[in-house]
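Enquirer: This is the structure I have questions about; it appears just below.
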Amino acid sequence: MKDRQAVREAEFATVAELVAAVAQGESGALWRLEGVDRQLDANLVRHLPGTGGAAYTEDEVDVMLVVVAGGGTLTLDGTKSRLTPGFIGLLPRGTSRALLAGPEGLLVLTAHHRRRGMSIGRSTPAVAPEPCALHLVCARCHRHAIEADARYCTGCGTALTDRPASR
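Note that the numbering used here gives residue 59 to position 54 of the sequence shown, counting from 1, and the numbers run on in steps of one.
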């Protein structure tokens, strides 16, 4: 069995090479860590001039942000910060954040603890499922109710007493 440390490989790149490798008008992730057995996620992201997303909240991980080139504005929980090359900041999980690239665009490096992977399993529904109408059975003729909100048997007209709680 191989030593775990020996299996992992270092990843290297230069910002200049990454920027040169993409078209001038292209935005998005120019680089990201790829190793499978890593504890860290990191991305080098280019934002075109004047672009930015609406504010959102990251609930899962703290994010370290480093401005590599360009400039813009960071709004963190309503407080604005001017972004210039060399700016470094921690964006705590649970905070609302938005980036807006300035006229020269914005190139940022982000790093955070690797997110949990997706897993197969049952999830808990956010809202309890609607009760099934099939349990509504007429005590007299034993017919199943057709509608979920049935009050009377469609076969014999008997009142259905075992009804789900009203909605």
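Heads up, the beta-carbon is just placed ideally off N, CA and C, and yes, glycines get one too. Only a predicted model underlies this, so the values are computations on that prediction, with no experimental measurement involved.
Are the Cβ atoms of Ala25 and Met69 separated by less than 7 Å?
Expert: No, these two residues do not count as a Cβ contact at 7 Å.
Enquirer: Check the DSSP bridge columns for Ser86 and list the partner residues they point to.
Expert: Leu79, per the DSSP bridge assignment.
Enquirer: By a C-beta neighbour count over all protein chains shown, 10 Å radius and 16 as the cutoff for buried, is Leu38 buried or exposed?
Expert: Leu38 comes out exposed.
Enquirer: Nearest CA to the CA of Thr62: which residue from Arg51, Gly83 and Val50?
Expert: Nearest of Arg51, Gly83 and Val50 to Thr62, Cα basis: Gly83.
Enquirer: Applying the criterion that 16 or more other CB atoms from any shown protein chain within 10 Å of the CB defines a buried residue, is His52 buried or exposed?
Expert: Buried, because 16 or more other Cβ atoms sit within 10 Å of the Cβ of His52.
Enquirer: Quick check on DSSP: helix, strand or coil for Val24?
Expert: Reduced to three states, the DSSP call for Val24 is helix.
Enquirer: Rounded to whole angstroms, how far is the Cβ of Val113 from the Cβ of Val73, which I believe are closer than 8 Å?
Expert: Contact holds; Cβ gap of about 6 Å.
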